[in-house]
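In short: position in the sequence shown from 1, add 2, done, that's our numbering.
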Amino acid sequence: APGLRLHALDTVNPESIASLTGSLDLARTLFFVSSKSGTTVEPLSLESHFRSSLYAIATATGSGTGPGPSSPAPGSGAGRRNFVALTDPGTPLSERARAGEFGTWVATPEDVGGRFSALSAFGMMPAAAAGMDLHRFAESAALMAQQCQGDAKGNPGLQLGAFLAANALEGRDKVTLITPPEHAIFGMWVEQLLAESTGKEGKGLVPIAGEPLLQPESYGNDRQFVVIETARSEELQFQQTAGELESAGHPVLVVKASGPDKHGVAGEFFRWQFATAAAASLMDIYPFDQPDVEAAKIRARELLSDLDQDLDTVPLADALRSLEDIVPPAYVALIAFLPESANLTGAFSSLRRAISEKTGVATTFGYGPRYLHSIGQLYKGGPRNAVVLGFVSGKYDDLAVPGASYTFGQLSLAQAGGDFAVMAERGQKVMPIRLGDSRTEKPSRELIDATEQVFG
3 APGLRLHALD
13 TVNPESIASL
23 TGSLDLARTL
33 FFVSSKSGTT
43 VEPLSLESHF
53 RSSLYAIATA
63 TGSGTGPGPS
73 SPAPGSGAGR
83 RNFVALTDPG
93 TPLSERARAG
103 EFGTWVATPE
113 DVGGRFSALS
123 AFGMMPAAAA
133 GMDLHRFAES
143 AALMAQQCQG
153 DAKGNPGLQL
163 GAFLAANALE
173 GRDKVTLITP
183 PEHAIFGMWV
193 EQLLAESTGK
203 EGKGLVPIAG
213 EPLLQPESYG
223 NDRQFVVIET
233 ARSEELQFQQ
243 TAGELESAGH
253 PVLVVKASGP
263 DKHGVAGEFF
273 RWQFATAAAA
283 SLMDIYPFDQ
293 PDVEAAKIRA
303 RELLSDLDQD
313 LDTVPLADAL
323 RSLEDIVPPA
333 YVALIAFLPE
343 SANLTGAFSS
353 LRRAISEKTG
363 VATTFGYGPR
373 YLHSIGQLYK
383 GGPRNAVVLG
393 FVSGKYDDLA
403 VPGASYTFGQ
413 LSLAQAGGDF
423 AVMAERGQKV
433 MPIRLGDSRT
443 EKPSRELIDA
453 TEQVFG
């Protein structure tokens with residue numbers, strides 16, 4: 003059945019928030035506030051923003067939609083019917099839900115870590131709202147779980163995990179995912195799973211997702227490849243790509259995606275979760291904690307308490323020129339605390355290609371603060387061989403966080419500065435860069451021009 007249109011808002015960039023807010027009929031919008039700990043700053047700040055926006059609409063129109071008669075201000079109960087809380091029992095968010103601040107509270111399992119929770123309410127509730135058939139969704143996961151109970155020969159999760167670990171232990175720790183377009187977002191999910199589960203104690207798998215496809219000889223000897231085939235992908239093209247990579251001496255595993263349609267992704271969730279736990283075990287890594295994530299949060303809070311602190315940055319062209327001499331197994335991490343757009347993502351993709359073709363090193367890319375909950379653990383706890391280019395905006399719009407003493411722009415800059423500082427303390431080379439010094443100068447154009455200037 004057709005479902006609701008689903009937006010995944012995982013940013014605190016004020017421009018992105020304002021754009022989405024303006025595109026929604028807020029009174030007819032259902033908000034899932036998802037936080038395992040019940041204290042995550044991004045969803046709670048966004049919740050506060052949308053509650054305040056709903057209250058402003060209801061106050062201006064005198065309508066009963068949104069906040070409701072028992073909500074005299076944009077505080078505890080504003081727009082409660084529009085909000086669903088997804089959190090573990092006993093968290094501050096669950097206590098607010100029990101006090102009546104939400105239309106619904108769905109308790110999530112305490113013994114399942116966040117990155118392993120796609121098959122819990124965190125993933126299933128939005129999937130149901132978007133029109134997924136949960137019975138078929140669960141069937142796909144159950145079938146894969148059954149297959150992963152067998153011995154090594156017939157166990158798809160164990161086969162994948164053994165492949166990942168064996169190659170990593172031989173120095174090929176850059177797990178390069180090659181996916182058809184319809185699985186591009188799935189690659190971002192795998193990135194979080196691998197990076198947070200294994201990126202600690204100076205070790206870890208480095209997931210490379212969304213990287214432009216290069217000629218086989220352009221890749222370094224720190225690579226391993228997982229090629230995901232689907233029923234809709236051009237099988238011949240993928241077989242040719244896999245064959246060319248193998249002929250060049252790179253280890254390649256072709257994974258045939260579960261099921262004939264989108265419901266099969268549940269099977270892939272289970273396969274990769276099983277494989278990640280298996281690979282971590284073989285690499286002598288405990289996969290179920292993320293010991294280095296909290297340090298950046300603490301530093302960000304310190305920066306928010308002193309908003310006069312500024313971020314020391316380097317010129318973009320100088321930062322790009324400094325990359326020309328790096329070689330594998332080093333890699334380049336591109337981080338963008340900027341409003342996400344197709345043009346900007348394309349510009350970063352072109353930069354990734356230019357870097358890899360020039361140096362042979364792998365590249366990662368992620369928007370902030372999303373990456374903090376994904377590959378950020380690896381940057382701080384994994385191998386100390388990343389060169390990090392951290393992009394922040396030359397100007398953030400002033401959009402207040404209701405109930406806080408700072409704006410969304412200040413929160414974004416504090417998160418960037420906090421994480422950059424911790425990464426540098428942990429031994430990574432970090433170069434903060436301001437991109438787009440005025441509203442008329444588009445960051446994507448500036449990035450494209452600098453890429454062409456430095457790499458030709």
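Note that CB positions come from ideal geometry on N, CA and C, so glycine has one too.
| Query | Result |
| --- | --- |
| Whole alpha helix (DSSP H) elements within the segment 277 to 330, 4-residue minimum | 295 to 306, 318 to 323 |
| Tyr-373 burial status per 10 Å Cβ neighbour count (16 or more: buried) | buried |
| Nearest-angstrom beta carbon gap, Ile-337 and Leu-391 [assumed within contact, 8 angstroms] | 7 angstroms |
| Cβ-Cβ separation, Ser-36 to Arg-117 (assumed contact under 8 angstroms), whole Å | About 13 angstroms separates the two Cβ atoms, so there is no contact after all. |
| Met-134 - DSSP class collapsed to helix/strand/coil | coil |
| Nearest residue (CA-CA) to Pro-445, options Ser-249, Ala-418, Ala-423, Gly-348 | Gly-348 |
| Burial state of Lys-155, where buried means 16 or more other Cβ atoms lie within 10 Å | exposed |
| Beta carbon of Val-14 nearer than 7 angstroms to that of Ser-343 | no |
| Counted within 10 angstroms of its Cβ, other Cβ atoms place Arg-98 as buried (16 or more) or exposed | buried |
| Reduced DSSP category for Arg-386 - H, G, I as helix; E, B as strand; rest coil | coil |
| Chain-order list of residues whose beta-carbon lies under 7 angstroms from that of Phe-34 (same chain, five-residue window excluded) | Val-86, Leu-88, Met-127, Pro-128 |
| Three-state secondary structure (DSSP) of Phe-106 | Residue identity differs from the one stated: residue 106 is Thr in this sequence, not Phe. Note: Thr-106 maps to strand in three-state DSSP. |
| Span of the alpha helix (DSSP H) around Leu-255 | No alpha helix (DSSP H) holds Leu-255; the beta strand (DSSP E) holding it covers 254 to 258. |
| Assumed close pair Ala-418, Val-394 - CB separation to whole angstroms, cut-off 8 angstroms | 5 angstroms |
| Burial state of Val-329, where buried means 16 or more other Cβ atoms lie within 10 Å | exposed |
| Sequence-distant residues of the same chain with beta carbon closer than 6 angstroms to Glu-359, five excluded per side | Ser-220 |
| Secondary structure of Tyr-398, DSSP reduced to three states | coil |
| Endpoints, alpha helix (DSSP H) assigned at Phe-165 | 158 to 171 |
| Touching by the beta-carbon criterion (3+ pairs, under 8 angstroms), the segment 10 to 25 and the segment 39 to 51 | yes |
| Test item: CB-CB of Pro-214 and Glu-193 under 7 angstroms | no |
| Nonlocal neighbours in the same chain, by C-beta distance under 6 angstroms from Pro-1, ignoring five residues either side | It is not possible to answer for residue 1, since the shown part of the chain is limited to 3 through 458. |
| Under 7 angstroms between C-beta atoms of Thr-111 and Ser-96 | Per the sequence shown, residue 111 should be read as Pro rather than Thr. No, the Cβ-Cβ distance between Pro-111 and Ser-96 is not below 7 angstroms. |
| Ser-36 - DSSP class collapsed to helix/strand/coil | strand |
| Rounded separation between Phe-410 and Thr-41 - CA only | 17 angstroms |
| Under 7 angstroms between C-beta atoms of Gly-245 and Gly-212 | no |
| Proximity below 7 angstroms, CB of Gly-206 to CB of Leu-380 | yes |
| Distance CB(Asp-224)-CB(Pro-331) smaller than 7 angstroms | yes |
| Beta-carbon proximity list for Gly-438, same chain, < 8 angstroms, skipping 5 on both sides | Leu-340, Ser-395, Gly-396, Lys-397, Lys-444, Pro-445, Glu-448 |
| Phe-350 versus Thr-361, Val-334, Gly-362, residue with shortest Cα-Cα distance | Val-334 |
| Contact set for Ser-440: own chain, Cβ-Cβ below 6 angstroms, skip 5 residues either direction | Because Ser-440 sits at a pLDDT of 46, beneath the cut-off of 50, its placement in the model cannot be relied upon, and the following sentence gives the value as read from the coordinates. Contacts found: none. |
| Enclosing alpha helix (DSSP H) for Ile-357 [first to last residue] | 344 to 361 |
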